[in-house]
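Okay, structure first, notes after.
Residue numbers (my numbering), protein chains in the order written: chain A, 1 to 587; chain B, 588 to 748.
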């Protein structure tokens, strides 16, 4: 067994395991060395430490130059100063040099007040820019369906490159050219739409500055809310209600469902329904599809496509359409909950109320940026009018609430509107990795076996491990399931599937680390895994607090099938709630 | 989008080079080097084949190609022209030489004439500072050049087969 390493940091004795960086060692005794390029979402594969920004430099006794603490490993007897005058002056100069070619339009920058560079400037007390003359205004700017790119604001930290390549294995973003012309660009300097970009937005989630941000739909939404001829209805996703409070100084993991509904009503939404309701609907359809394929398999059908894979995550859908066009028959044909909601709202609900669907604006509030792109898919716009008109992120909703001077933490709770506001614990857990699987298993088990589940929790599929497996006993049939989050883990599974080596019946994939709670539209985590863990725990608390925890027992869902849809996978369900996939391989 | 298509022969050559280096991503620069010496340049489709063979993203290959000035994504002319902009040449008027080449050829630095005969680039020092200002055309080095000479030299190459 390796012995521990002893050193002192700022005169404090520290004991660490061999291989620990000075940065982590300092953190273990409560010393927060400023960083910029470094990010380490511990327990997930989100990590970037190229030591390129040099902000985290420290003084090591006996060493001539300053050492980047994120990439320097502790050695026995090391004497480290993180706050000597030399260090403090060097850090300030490094930040000043970064500002020399950085636009200083902070006032109107979308990242203002959430920008890590801006925070350093404040922390280092930089009041003027001694180095000027290098500003670039010629680098690429691009607004896609989901992501806005303004490379003038890039500081070349390479975080986006790390997540795009290592975490997501999408391999679109990379550094090109050299010297002053260096920039991070999609493959061959193309626009995102002409690459394999999945719009997962994890590059946005880690970008420290305003170089990569979401496409902002808040002004469009304000225009619609002002229009008396429009009926604007909201559907917030499960993961939004466990993260939104963070934007208002509330503890990570605060469940703010009731306050969120109140805020949406104050903002002027005509109706506030719930994507959780549609999550239950997804389980009805996807669960039926699982059972159908399973029964065919058990009856000896050799051509049945197993494993069936979940299809809720729009970045995952983009990923397999781009990379695995030969395997499009495997994912479930069920639309995502948000799209199911849109389709039902503009048919059933409108018919019930005798409302012209053309007047209805369905706005989804999502932890996700890929949902913005999903809304623009042609197949989700029958007759040219989209089922979900557009999507805003958790962050955008927070901005709207702030704009409307609503004191969010003090809001009273409100209930969702009926009939698409009732949901179960199964719908709630869609927001965490493994949640869709667990929700599906609850229903599939009960429908298949005809028995009540002795215990509703399938804890084997919970947690942050990249690939999780479980075997469920269905009346003696061992149902093998697998859950993956991040697209690099999805790629491992898909490569095995292509080789015929994937021995599961059901697979869940979510593109973002931790599932939707770690989505790119959520409040920025700034590298703190505790925040994602608190959100995840809140999701499961929400589930436990629900009176009904099985999708097929949701009374509104039962009513919807009785009144309108008939049965899962029935003719009308197929038409409204299912989709098909396309070969989108880039040539 | 990459509209150009590679010939089957070019594809075969690129694959052959990758295999010669055991499709080792660590040999990326050597592979690109040899591909360029065989094909003259490294267009998008070549980079895609290399990326696929080596099992790395095309963006990585593109990053390396754009980083090193030796690599080029545009085909070079039959007679590649390089004007030295090193210190010695520069102080003796290399910038005026370059301007004259651009004017006579009707192309910018990094471009190739539509007939494919000439391409124009800059470089830093060919080790003939005593002859400044210097330009190279193909393998041939021209020293003590005067902008007035350029038209004649270009015409001479243009009339060759």
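C-beta atoms are modelled at their ideal positions from N, C-alpha and C, and glycine is treated no differently.
* To do: Helix, strand or coil for residue 114(A), going by three-state DSSP, please let me know.
  => As a first step, residue 114(A) is located in the first chain; it is residue number 114 there, counting from the start. Note: residue 114(A) maps to coil in three-state DSSP.
Taking the alpha-carbon of residue 206(A) as reference, which of 576(A), 485(A), 379(A), 37(A) has the nearest alpha-carbon? Working through the first chain from its first residue, we reach residue 206(A) at position 206. The residue with the shortest Cα to Cα distance from residue 206(A) is 37(A).
- What residues of chain B sit near residue 177(A), judged by a beta carbon separation below 9 Å? Residue 177(A) sits at position 177 when you count from the first residue of the first chain. By Cβ distance, chain B contributes 650, 653, 654.
Checklist entry - Could you give the uninterrupted runs of the beta strand (DSSP E) lying entirely in the segment 607-686 of chain B, keeping only those of 3 residues or more? => result 666-671
Which of the three DSSP states, helix, strand or coil, is assigned to residue 589(B)?
If you number the second chain from 1, residue 589(B) lands on position 2. Model confidence at residue 589(B) stands at a pLDDT of 47, short of 50, so the residue's coordinates are unreliable and nothing is read from them.
Comparing the C-beta of residue 173(A) with each C-beta of chain B, is any distance below 9 Å?
-> On the first chain, position 173 is the one that residue 173(A) refers to. Yes, contact with chain B.
I want to see whether chain A comes within less than 9 Å of residue 662(B), judged by CB atoms only; does it? To locate residue 662(B), count along the second chain from 1; it is residue 75. No, its Cβ sits nowhere closer than 9 Å to a Cβ of chain A.
Practice item. Work out the CA separation of residue 376(A) and residue 707(B) for me, nearest whole Å. Key: As a first step, residue 707(B) is located in the second chain; it is residue number 120 there, counting from the start. As a first step, residue 376(A) is located in the first chain; it is residue number 376 there, counting from the start. Cα-Cα distance, rounded: 45 Å.
Item to complete: List in chain order: all unbroken alpha helix (DSSP H) runs of 4+ residues lying wholly within the segment 62-150 of chain A.
Response: 85-99, 116-123
Within 9 Å of any Cβ in chain B, is that where the Cβ of residue 428(A) sits?
Position 428 of the first chain holds residue 428(A). Cβ-Cβ to chain B under 9 Å: no for residue 428(A).
Notebook entry, point to check: Beta carbon of residue 164(A), beta carbon of residue 176(A): below 9 Å?
Noted result: Translated into positions along the first chain, residue 164(A) becomes position 164. Translated into positions along the first chain, residue 176(A) becomes position 176. No, the pair does not count as a contact, with Cβ atoms beyond the cut-off.
Note down the Cα distance separating residue 130(A) from residue 527(A), rounded to an integer number of angstroms.
The sequence position of residue 130(A) within the first chain is 130, counting from 1. The sequence position of residue 527(A) within the first chain is 527, counting from 1. Going by the C-alpha atoms only, they are around 30 Å apart.
Kindly indicate if chain A contains any beta-carbon less than 9 Å away from that of residue 640(B).
Taking the first residue of the second chain as 1, we reach residue 640(B) at position 53. No - not a single Cβ of chain A is within 9 Å of the one on residue 640(B).
*Which residues in the same chain as residue 321(A) place their Cβ atom closer than 6 Å to its Cβ, once the five residues preceding and following it in sequence are excluded?*
On the first chain, position 321 is the one that residue 321(A) refers to. Once the five neighbours on either side are set aside, the close Cβ partners of residue 321(A) are 581, 582, 584.
- Segments of 4+ residues assigned as alpha helix (DSSP H) that fall wholly inside the segment 416-488 of chain A: 425-428, 435-449
* Just to confirm, are residue 195(A) and residue 156(A) a CB contact at a threshold of 9 Å? -> Along the first chain, one-based indexing puts residue 195(A) at 195. Along the first chain, one-based indexing puts residue 156(A) at 156. The answer is no: Cβ separation not under 9 Å.
Residues that residue 48(A) bridges to, as DSSP identifies them:
The residue labelled residue 48(A) in the question sits at position 48 within the first chain. DSSP output for residue 48(A) lists 39(A) as bridge partner(s).
Return the Cβ separation of residue 23(A) and residue 348(A) in integer angstroms, given the expectation that the two are a contact with Cβ distance under 8 Å. Looking up residue 23(A) in the first chain gives position 23. Looking up residue 348(A) in the first chain gives position 348. Not confirmed; about 55 Å, so no contact.
query = Counting pairs of beta carbons, one from the segment 275-293 of chain A and one from the segment 420-435 of chain A, are three or more of them closer than 8 Å?
reply = yes
message = Just verifying my parser: in three-state terms, what is the DSSP assignment at residue 372(A)?
response = Here residue 372(A) corresponds to residue number 372 of the first chain, with the count starting at 1. Correct three-state label for residue 372(A): helix.
- Just curious, the alpha helix (DSSP H) that residue 339(A) is in, first and last residue? The residue labelled residue 339(A) in the question sits at position 339 within the first chain. Unbroken alpha helix (DSSP H) run through residue 339(A): 337-344.
> residue 295(A) to residue 481(A), Cα distance in whole Å?
Replying inline: Counted from its first residue, the first chain places residue 295(A) at position 295. Counted from its first residue, the first chain places residue 481(A) at position 481. So the alpha carbons of these two residues sit roughly 16 Å apart.
Notebook entry, point to check: When you compare only the Cα positions, how much space is there between residue 305(A) and residue 479(A)?
Noted result: For the purposes of this step, residue 305(A) is taken as the residue at position 305 of the first chain. For the purposes of this step, residue 479(A) is taken as the residue at position 479 of the first chain. Answer to the nearest angstrom: the Cα atoms are 15 Å apart.
- Item | Limits of the unbroken alpha helix (DSSP H) element including residue 258(A) | Along the first chain, one-based indexing puts residue 258(A) at 258. 257-267 is the extent of the alpha helix (DSSP H) around residue 258(A).
**Report entry** Cβ-Cβ distance between residue 601(B) and residue 647(B) below 9 Å
**Finding:** The residue given as residue 601(B) occupies position 14 in the second chain. The residue given as residue 647(B) occupies position 60 in the second chain. Contact: no.
Check: Can you tell which of 113(A), 86(A), 325(A) has its C-alpha closest to the C-alpha of residue 66(A)?
Finding: Residue numbering aside, residue 66(A) sits at position 66 when the first chain is read from its first letter. Among 113(A), 86(A), 325(A), the Cα nearest to that of residue 66(A) is on 86(A).
To which residues does DSSP link residue 391(A) through a beta bridge? As a first step, residue 391(A) must be located in the first chain, where it is residue number 391. Partner(s): 364(A).
*asked:* For a contact defined as C-beta to C-beta under 9 Å, what are the partners of residue 489(A) on chain B?
replied: Translated into the one-based positions of the first chain, residue 489(A) becomes position 489. Ordered by position in chain B, no residue passes the 9 Å Cβ test against residue 489(A), which lies about 17 Å from the chain.
Would you report the Cα separation of residue 88(A) and residue 64(A), rounded to the nearest angstrom?
-> Here residue 88(A) is taken as the residue at index 88 of the first chain, counted from 1. Here residue 64(A) is taken as the residue at index 64 of the first chain, counted from 1. If I take the Cα positions, the gap works out to 16 Å.
| Reduced DSSP secondary structure (H/G/I, E/B, other) of residue 162(A) | Numbered from 1 along the first chain, position 162 holds the residue referred to as residue 162(A). Residue state, collapsed to three classes: helix.
Chain-ordered chain B contacts of residue 165(A) [CB-CB under 7 Å]
By 1-based counting over the first chain, the position of residue 165(A) is 165. Going along chain B in sequence order, the residues near residue 165(A) (Cβ under 7 Å) are 644.
If contact means a Cβ-Cβ distance below 7 Å, which residues of the segment 615-634 of chain B contact chain A? 631
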